[in-house]
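Worksheet: the structure to be examined is printed underneath.
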Amino acid sequence: MTIQVLNGPNLRRLGLREPQIYGSTTYPDLERLCAEAGKRVGRSVEVAQTDDEATMLGWLHAAADAGDPVVLNAAAWTHTSVAIGDACAMLTAPLVEVHISNVHKREPFRHHSYVSAHASGIIVGCGVDGYRLAIEHLASLGVS
Ligand code: DQA
C-alpha cells in the first residue's frame, strides 16, 4: 500500500507563510523530504495538497477504499470540519495526524481536532520533521 501524505489548506505556501511559525521549508522541499523518507524505509509515498475540502474528502475516501495508511495535516480543517473527521473515521489503515506547529501552544481554537479521535498517532510541533517521523512510524507498523 502507498502511504498517502495529505495536506490541507494553505500548506502549499510553506516557506512563505508565517515562517516564524511554520519555518522556511517550502512545499516542494516537503515533497522531497517525504519521498526520501519513503525511499529510506522502502515504501511508496504520495504527497498531495489541496485548498478544496471536497477534493480532500475524495482523497480520504480513496485511501479508505485502497486500505492505504495516511499522514494527514488537515491544517485549518482540523479545527472546523466534522466532514473531514467523519472521512477519517472511515479509514481502514492507520492514520497519523501531523501539525508542523505546536497547536496546543497557540490560540484556543487550535486546541480541538476533529481528526485526533480517529488517529493512531499524533505528531505536533516537530516542524516538517513530523512528516518523516510519521512515515517511519507507519512503515514500522508493517502495514503493507
Ligand atoms: C497546522 C496548524 C493549524 O492550526 C493551521 O491552521 C495550519 C497548519 C500546522 O501544521 O501546524 O494551517 O496544521
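The opening residue of the sequence shown carries number 1 in the working numbering; numbering runs sequentially from there.
From the three backbone atoms N, C-alpha and C, an ideal C-beta is built for every residue, glycine too.
Owing to the predicted nature of the structure, the values given are computational and were not obtained by experimental measurement.
query	result
What's the gap between the Cα of Leu60 and the Cα of Leu91?	7 Å
Helix, strand or coil, according to DSSP, for Ile21 in the structure here?	helix
At which residue ranges does the region 42-71 contain complete beta strand (DSSP E) runs of 3 or more residues, listed in the order of the chain?	45-49
Looking only at C-alpha atoms, which of Gln49, Arg32, His104 sits nearest to Val124?	His104
Tell me which same chain residues have a C-beta within less than 7 Å of the C-beta of Ala119, skipping the five on either side of it?	Leu95, Val96, Glu97
Check whether the Cβ atoms of Ala134 and Val71 sit closer than 8 Å, and answer yes or no.	yes
Check the DSSP bridge columns for His99 and list the partner residues they point to.	Val124
Which partner residues does Ile3 have in the DSSP bridge list?	Val45
Given a cut-off of 8 Å on the beta-carbon distance, is the pair Val45 and Cys88 in contact?	no
For Gly23, collect the residues of the same chain with a Cβ closer than 8 Å to its Cβ; drop the 5 residues on either side in sequence, then sort them by chain order.	Leu14, Gly15, Ile100, Gly127, Val128
For Phe109, I'd like the list of residues in its chain whose CB is within less than 8 Å of its CB, leaving aside the five on either flank, ordered along the chain.	His79
Using beta-carbon positions only, say whether Ala139 and Arg43 come within less than 8 Å of one another.	yes
State the beta-bridge partners of Asn73 as determined by DSSP.	Asn7
Between Gln49 and the rest of its own chain, which residues show a CB-CB distance below 6 Å, the 5 nearest in sequence each way excluded?	Asn7, Leu11, Arg12
Would Pro69 be called buried (16 or more neighbouring beta carbons within 10 Å of its own) or exposed?	buried
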